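Q: Taking full-length UniProt numbering, the leading residue of the sequence shown gets 1, the next gets one more, and so forth.
My structure is below; once you've seen it, I'll send some questions.
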Amino acid sequence: FQHESQGRYGTIIGRKQHYPGRQRPVELTAIALDAWPSSAGFDLIADALKDDAQKQDAIKKGGNIFAFTLKNDQGKEESWHIDLKETGTVGKGLAPQGKKPGVTLVLSDVEFAKLISGKANAQNMFMQGKLKIKGNMMAATKLGPILEKAQSKAKL
Numbered sequence: 001f002q003h004e005s006q007g008r009y010g011t012i013i014g015r016k017q018h019y020p021g022r023q024r025p026v027e028l029t030a031i032a033l034d035a036w037p038s039s040a041g042f043d044l045i046a047d048a049l050k051d052d053a054q055k056q057d058a059i060k061k062g063g064n065i066f067a068f069t070l071k072n073d074q075g076k077e078e079s080w081h082i083d084l085k086e087t088g089t090v091g092k093g094l095a096p097q098g099k100k101p102g103v104t105l106v107l108s109d110v111e112f113a114k115l116i117s118g119k120a121n122a123q124n125m126f127m128q129g130k131l132k133i134k135g136n137m138m139a140a141t142k143l144g145p146i147l148e149k150a151q152s153k154a155k156l
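Okay, here's the thing in structure tokens:
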């Protein structure tokens, strides 16, 4: 049985997300949630970190745990994290168990979709009040390269 639905961010067929212009679908994991369509972007980030060399490079450049809190259309919030301090992994929640994020980025699901697709710039979003940063603001600037890798995965 395959379920197909057309969403704001692409077509979902079964458990695979098809992005416009992308040749192969991204396999959705437990990271992505239906109520937050852009959460599939965390799968793109995880996919970008699969290569060990890229993972080590991201850890070296990132050096922090980055949390994302997204608010969906219904006003509900959910959090994900990218551990670029030790493991180079992506998961649900503000941080891996027993750890705290160095920086938390708070934005809407729609704005995260724009950020992960490359249609918006984090600095401009911050200046417009669409992105709020809690914690080490300078650390947030180190997240750029990993987002760019995820954007390039989305455009494959």
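Heads up, the beta-carbon is just placed ideally off N, CA and C, and yes, glycines get one too.
Please read these numbers as outputs of a predicted model, since none were measured by experiment.
On a Cα-Cα basis, can you pick out the residue from K119, S79, L84, K114 that is closest to Q54?
A: The residue given as residue 54 occupies position 54 in the sequence shown. Measuring from the Cα of Q54, the nearest candidate turns out to be L84.
Q: Let me confirm a value: S152 is counted as buried when at least 16 other C-beta atoms fall within 10 Å, else exposed. Which label applies?
A: Your numbering for residue 152 matches position 152 in the sequence shown. S152 should be labelled exposed.
Q: So what does DSSP say about T87, is it helix, strand or coil?
A: Numbered from its first residue, the sequence shown carries residue 87 at position 87. Here T87 sits in coil by DSSP.
Q: Going by DSSP, what residue range makes up the alpha helix (DSSP H) through S117?
A: As a position in the sequence shown, residue 117 is number 117, starting the count at 1. First-last of the alpha helix (DSSP H) with S117: 109-117.
Q: Taking Cβ positions, are F112 and F68 nearer each other than 8 Å?
A: Reading the sequence shown from its first residue, position 112 is the one you call residue 112. Reading the sequence shown from its first residue, position 68 is the one you call residue 68. Taking 8 Å as the Cβ cut-off, F112 and F68 qualify as a contacting pair.
Q: Compute the Euclidean distance between the alpha carbons of T104 and D52, then round it to the nearest angstrom.
A: The sequence position of residue 104 within the sequence shown is 104, counting from 1. The sequence position of residue 52 within the sequence shown is 52, counting from 1. Looking at the two C-alpha atoms, the distance is approximately 25 Å.
Q: If you check the beta carbons only, do I146 and I82 fall under 8 Å apart?
A: Working through the sequence shown from its first residue, we reach residue 146 at position 146. Working through the sequence shown from its first residue, we reach residue 82 at position 82. A contact, by the Cβ cut-off of 8 Å.
Q: Am I right that G41 and I116 are in contact with their C-beta atoms under 8 Å? What's the rounded C-beta distance?
A: Against the sequence shown, residue 41 aligns to sequence position 41. Against the sequence shown, residue 116 aligns to sequence position 116. That pair is a contact at about 4 Å.
Q: Which whole-angstrom value is the C-beta distance of E78 and W36, which I expect to be below 8 Å?
A: Your numbering for residue 78 matches position 78 in the sequence shown. Your numbering for residue 36 matches position 36 in the sequence shown. About 6 Å; that satisfies the 8 Å criterion.
Q: Just list the residues that DSSP pairs G135 with in beta bridges.
A: On the sequence shown, position 135 is the one that residue 135 refers to. Beta-bridge pairing links G135 to V103.
Q: Can you tell which of A139, G144, L44 has its C-alpha closest to the C-alpha of T89?
A: Working through the sequence shown from its first residue, we reach residue 89 at position 89. Of A139, G144, L44, the residue nearest in Cα terms is L44.
Q: Expressed to the nearest angstrom, what Euclidean distance is found between the alpha-carbon atoms of A140 and F126?
A: Stepping through the sequence shown from its first residue, residue 140 is reached at position 140. Stepping through the sequence shown from its first residue, residue 126 is reached at position 126. About 11 Å.
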